[in-house]
Amino acid sequence: MKGSGAMGLNDGKRLTYWCGGSQFDTSGNRLNEIDLDVPSPRSMADMTEQDWTEAEAALSAFDAEHRPSW
């Protein structure tokens, strides 16, 4: 079953969402599976408050993953 807006898959086991071209689970872990048929917001005006919250979590996860370790 597919979600709406920036949501990805909801197979009863996990909920995923999109940020840019990447798909994340609700823990901020980037997933390898990409479903290009999942609808996503077409513009910033289409984003809900939940979309913004999820995008913030995805950006934080990306930042932590790519932060220099030096």
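Position in the sequence shown (first residue = 1) + 346 = my numbering.
All C-beta atoms in this analysis are idealised placements derived from N, C-alpha and C, irrespective of residue type, glycine included.
Per DSSP, what kind of secondary structure is residue i in: helix, strand or coil?
| i | result |
| --- | --- |
| serine 406 | helix |
Could you tell me the alpha carbon to alpha carbon distance between residue i and residue j, rounded to whole angstroms?
| i | j | result |
| --- | --- | --- |
| glutamate 400 | serine 373 | 10 Å |
| glutamate 395 | serine 368 | 19 Å |
| alanine 316 | alanine 403 | No answer is possible for residue 316: the residues shown for the chain start at 347 and end at 416. |
| arginine 413 | arginine 376 | 15 Å |
| alanine 407 | leucine 361 | 16 Å |
| methionine 393 | leucine 405 | 16 Å |
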